[in-house]
Amino acid sequence: MAEERHEDFPAPGTGVIIIIFFVAFVMFYFLNWKWLSMVWNIG
Amino acid sequence: MANEMEFRTCPITGKKVYATTQNLMWINAVTAVVFILIGGIMALLVALTRWPAVHLLSPEWFYKALTAHGLNMLIFWIIFFEVAGLYFGSSVVLNSRLAAPKVAWLAYILMLVGSILVDVMVFTDNATVMFSSYVPLQAHPLYYLGIILFAVGALTACGIFFGTLAIAKADKTYEGSLPLFTFGLSAAAIIAVFTLACGAIIYIPTFLWSLGVIKNLDPAMYRLLFWGLGHSSQQINVTAMVSIWYLLGALTVGAKPVNEKICRTAFVLYILFINLASEHHLLTDPTLSPAHKVFNTSYFLYLAVLASMIHALAIPMAVEVAQRKKGYTKGLFEWLTKAPWGEPGFPAMIFSLLIFGFIGGITGVVYGTEQLSIKSHNTWAMTGHFHATVVGGTTLAFMGLTYYVIPLIFRREIIGKKWASAQPYVYAAGMILLILGMAGAGTLGSPRRHWDVTFADSIIPFSFDPTVLLFTTIAALGGILAAVGGAMYVGVSVLSVFLGRKLAPNEAKLVY
Amino acid sequence: MKEEGKISRWQVFYDDISMLFVLGVVIPTIFYVIWGVMELANAPTAVITGP
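Residue numbers (my numbering), protein chains in the order written: chain A, 136 to 178; chain E, 35 to 546; chain H, 10 to 60.
Have a look at this one:
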């Protein structure tokens, strides 16, 4: 039941926002390292 | 001057509002709005110059406007507002009389004289040195004196805050621990003391250097100590902003943190570690060792980043729990869709949190990585980052709070409630466009602090990828929209404070 | 966390604003300012060798 699930974690909507945040973080980190590798060729 | 012991009782919160506190809050807040007006006009002029299609100002005026924009926004607007907040968070929230009101007035006068002196020097071509005033760029001695006076005044105001906490504790005007909002402001004030101490350590020798008393000032040493002032002052803003998020959450939806211990732990992490973030301005400097850079910007700073993530979880969680208790339990986001979006405080808080967290926080941690800093340093991407944190984050939160301070503390009805409700949306939309435009152009190499990014007059021609022009245009349009949002804020605030109908004791309410 | 009549040590620490003040000033002063100044003061002076 939805209410029982919410007993475990009281803010599932916030949980989704946080997950989106972490995904954005990882993607932005990856992209910046990628762009750095394109600007600063090593090897 | 009001009697120190004269107070009224707020009909909504039951808190004592002392007349001295109210007057000092009023003067600091009104002065803050004057400076955001100056800074905002400069912002528009700078945006219209960076946009090649308009290219409004001459080079001389561009760098003058940019210097003025940085100082008026980053220092004067924000710190005057924070001082008002410190007096509120100590005297009003703790039901206590303010410590040494006459000294608080002296602090205000020092800050005012200092800020006027700085602005006069900048606008009279005596200090076109940017906010960072890097040595060996030299400004007129009165510029440095102005900053010193402002810093001394702000430090004094912090002292008044701590003194008020001591009085409240001695008079037993509150029970148990400090309320979370006041605890957050205490963290901000502690950070401020380190900040202003660094400012004194570097600006006094720089002032003497400008007078010719000291012959040489090492630029690397200057940069180290300047950023001990320059970045740490932004961390005061972060801490104050987070405190205001908790307050706005409580005022708009009755949100209470699910676990206050974790929130306080996060503020303590800020106190201990956030000032070390200043190092990230020095990542591309050759003289400091990788150990100093990595230790400060990585090991220590990430504890402060952890604190930010705690707050970023705790506040939406508190809002969601409060909303679910009211019955908004359908699906994942009814708590958010059915939130009071018509109240200016709620969208201001949410947009501030999202812009600060998603854009400002992510770009800050990424660009603050030693290697990635090499690519982003001195580009417009950096400017995009700090507009997300200080403007989309702190300034927007302060704007949201203003719409409650005016009726509840200054007891004036808001003039233009629809404008007040719309203002956070307009400002946030403008800022998002501006920030994304800056970050996009900067990622492609567009420099910051440059009058003409087409390099039309350069001896050696250079042109960027045409996408830079697209992002620059987006940034300019966003800047114009944000200026409109800023004008709405100034208009509503000033009209309400001076011409708003005076509210009777039982008239002020939280809901618009 | 408050137990019956007992205040946790963490709460006592968090309530001690003067202790937090001292730590908040001392930690960045040591790790950022003093360490940084020491490094900069000991940086070797560049020797310019002429053409």
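We put the beta carbon where it would ideally sit given N, CA and C, even for glycine.
Kindly indicate if chain E contains any beta-carbon less than 9 Å away from that of residue i.
{"i": "I154 of chain A", "result": "no"}
{"i": "N167 of chain A", "result": "yes"}
{"i": "V46 of chain H", "result": "yes"}
{"i": "F40 of chain H", "result": "yes"}
{"i": "P60 of chain H", "result": "no"}
{"i": "V34 of chain H", "result": "yes"}
{"i": "A137 of chain A", "result": "Because A137 of chain A sits at a pLDDT of 48, beneath the cut-off of 50, its placement in the model cannot be relied upon, and the point is left open."}
{"i": "H141 of chain A", "result": "In this prediction, H141 of chain A scores a pLDDT of 48, lower than 50, which makes its location untrustworthy; no coordinate-derived value is stated."}
{"i": "K15 of chain H", "result": "no"}
{"i": "M10 of chain H", "result": "At M10 of chain H the pLDDT is 44, less than 50, meaning the model places this residue with poor confidence; the figure from the coordinates comes in the next sentence. Output row for M10 of chain H: interface = yes."}
{"i": "W19 of chain H", "result": "yes"}
Run down chain E in chain order and give the residues with a C-beta less than 8 Å from the C-beta of residue i.
{"i": "V158 of chain A", "result": "Going along chain E, no residue has its Cβ under 8 Å from V158 of chain A, so there is no contact; the nearest lies around 11 Å."}
{"i": "K24 of chain H", "result": "Lys is not the amino acid found at residue 24 of chain H; the sequence shown has Asp there. Residues of chain E passing the Cβ test: S211 and L212."}
{"i": "A52 of chain H", "result": "A254 and T321"}
Run through chain A and tell me which residues come within less than 7 Å of residue i, C-beta to C-beta.
{"i": "E354 of chain E", "result": "A146, G148 and T149"}
{"i": "W369 of chain E", "result": "G148"}
{"i": "I396 of chain E", "result": "A159, F160 and F163"}
{"i": "V147 of chain E", "result": "The premise fails here: V147 of chain E is roughly 43 Å from chain A at the closest Cβ pair, so nothing lies under 7 Å."}
Residues of chain H with CB under 8 Å from residue i, in chain order?
{"i": "M275 of chain E", "result": "Simply none; closest approach about 18 Å."}
{"i": "G262 of chain E", "result": "P37, Y41 and V42"}
{"i": "S220 of chain E", "result": "I26 and L29"}
{"i": "C232 of chain E", "result": "V42"}
If we define contact as Cβ-Cβ less than 9 Å, is residue i a contact residue for chain H?
{"i": "S332 of chain E", "result": "no"}
{"i": "I181 of chain E", "result": "no"}
{"i": "S407 of chain E", "result": "no"}
{"i": "F196 of chain E", "result": "yes"}
{"i": "L511 of chain E", "result": "no"}
{"i": "S312 of chain E", "result": "yes"}
{"i": "F217 of chain E", "result": "yes"}
{"i": "V287 of chain E", "result": "no"}
{"i": "L144 of chain E", "result": "no"}
{"i": "V339 of chain E", "result": "no"}
Whole-angstrom Cβ separation of residue i and residue j, contact assumed at under 8 Å?
{"i": "G148 of chain E", "j": "L189 of chain E", "result": "With 8 Å as the limit, G148 of chain E and L189 of chain E do not qualify as a contact, their Cβ atoms being about 12 Å apart."}
{"i": "I201 of chain E", "j": "S130 of chain E", "result": "5 Å"}
{"i": "N106 of chain E", "j": "I72 of chain E", "result": "5 Å"}
{"i": "I270 of chain E", "j": "E94 of chain E", "result": "Not a contact, Cβ separation roughly 32 Å."}
{"i": "P458 of chain E", "j": "P350 of chain E", "result": "With a Cβ gap of about 17 Å, P458 of chain E and P350 of chain E do not count as contacting."}
{"i": "A63 of chain E", "j": "V292 of chain E", "result": "That pair is no contact at about 32 Å."}
Report the partner residues of residue i according to the DSSP bridge assignment.
{"i": "F41 of chain E", "result": "E:Y52"}
{"i": "T413 of chain E", "result": "E:P481"}
{"i": "K536 of chain E", "result": "E:R446"}
Quick one: which chain A residues come within Cβ less than 9 Å of residue i?
{"i": "K451 of chain E", "result": "Per Cβ cutoff of 9 Å: no residues; K451 of chain E is ~29 Å from chain A at best."}
{"i": "T413 of chain E", "result": "The premise fails here: T413 of chain E is roughly 11 Å from chain A at the closest Cβ pair, so nothing lies under 9 Å."}
{"i": "L366 of chain E", "result": "P147, G148, G150 and V151"}
Is there a C-beta anywhere in chain A that falls below 9 Å from the one on residue i?
{"i": "S410 of chain E", "result": "yes"}
{"i": "F392 of chain E", "result": "yes"}
{"i": "L430 of chain E", "result": "no"}
{"i": "T43 of chain E", "result": "no"}
{"i": "T477 of chain E", "result": "yes"}
{"i": "V400 of chain E", "result": "yes"}
{"i": "R482 of chain E", "result": "no"}
{"i": "T403 of chain E", "result": "yes"}
{"i": "R257 of chain E", "result": "no"}
{"i": "R446 of chain E", "result": "no"}
{"i": "R535 of chain E", "result": "no"}
{"i": "R84 of chain E", "result": "no"}
{"i": "R298 of chain E", "result": "no"}
{"i": "R131 of chain E", "result": "no"}
Which bits of chain A does residue i rub up against, with CB to CB less than 8 Å?
{"i": "Q268 of chain E", "result": "Within chain A, no residue comes near Q268 of chain E; the closest Cβ sits about 20 Å away, beyond 8 Å."}
{"i": "M351 of chain E", "result": "P145, A146 and T149"}
{"i": "V292 of chain E", "result": "P145 and A146"}
{"i": "L565 of chain E", "result": "With chain E running from 35 to 546 in the structure shown, residue 565 of chain E is simply not present."}
Which chain H residues are close to residue i, counting only those with a beta carbon under 7 Å from its beta carbon?
{"i": "G74 of chain E", "result": "None at all; the shortest Cβ gap to chain H is about 32 Å."}
{"i": "V169 of chain E", "result": "Going along chain H, no residue has its Cβ under 7 Å from V169 of chain E, so there is no contact; the nearest lies around 13 Å."}
{"i": "F122 of chain E", "result": "Those do not exist, as F122 of chain E stays about 18 Å from chain H at its closest Cβ, beyond 7 Å."}
Complete alpha helix (DSSP H) runs within the region 356-386 of chain E (minimum length 4 residues, chain order): 368-371
Ordered list of alpha helix (DSSP H) runs contained in the region 283-312 of chain E, each at least 4 residues: 294-307
Continuous alpha helix (DSSP H) assignments of at least 4 residues falling wholly in the region 323-358 of chain E: Taking 4 residues as the minimum length, the alpha helix (DSSP H) runs contained wholly in the region 323-358 of chain E are 324-328, in order along the chain.
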